[in-house]
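Data block below; observations after.
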Amino acid sequence: MVSKNLRKEIALQRIYRLFEVAEQEFGENPGRSKRYVELARRLSSRNKAPIPVELKKRFCKKCGSFLVRGKNAGWRDLGELVEIECRECGFSFKKGKGVK
Ligand SMILES: [Zn+2]
48 MVSKNLRKEI
58 ALQRIYRLFE
68 VAEQEFGENP
78 GRSKRYVELA
88 RRLSSRNKAP
98 IPVELKKRFC
108 KKCGSFLVRG
118 KNAGWRDLGE
128 LVEIECRECG
138 FSFKKGKGVK
């Protein structure tokens with residue numbers, strides 16, 4: 048049990064790290080950012096480590112693009128929720144605001 052939790056914990060840290068790098072790379076190379084999102088999602092499913100809500104707002108679950116508010120993503124405040132629109136493929140989704 049301990050090792051399972053540890054594995055999940057490590058996967059989660061790597062997921063956070065991948066999103067950090069995706070953010071840094073976005074200006075120069077959005078295609079690479081997309082690739083990092085793909086890796087993070089794969090890590091998540093392989094290790095049964097759900098992607099944290101705040102990171103789920105950072106990519107489009109339809110086309111997998113890394114989303115940057117005001118650049119390739121629209122962001123509409125709906126009170127409790129935000130509606131995020133992916134300008135790469137036009138898909139939009141809603142998420143709770145949470146802490147961030
Ligand atoms: Zn999309």
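For what it's worth, my numbering labels the leading residue of the sequence shown as 48, then goes sequentially.
Using N, Cα and C, we set each Cβ at its ideal position, and we do this for glycine too.
Only a predicted model underlies this, so the values are computations on that prediction, with no experimental measurement involved.
Sub-8 angstroms separation of residue i and residue j beta-carbons
i: Lys103; j: Lys55; result: no
i: Ala87; j: Leu65; result: yes
i: Glu75; j: Gly111; result: no
In DSSP terms, what residue i is bridged to
i: Ile131; result: Trp122 and Phe140
i: Phe66; result: In DSSP, Phe66 forms no bridge with anything.
Closer than 7 angstroms: residue i CB and nearest ligand 1 heavy atom
i: Ser112; result: yes
i: Phe138; result: yes
i: Lys104; result: no
i: Lys144; result: no
i: Glu130; result: no
Burial state of residue i, where buried means 16 or more other Cβ atoms lie within 10 Å
i: Arg105; result: buried
i: Leu128; result: exposed
Candidates the options: closest to residue i by CA position
i: Ser139; options: Gly126, Gly121 and Leu125; result: Gly121
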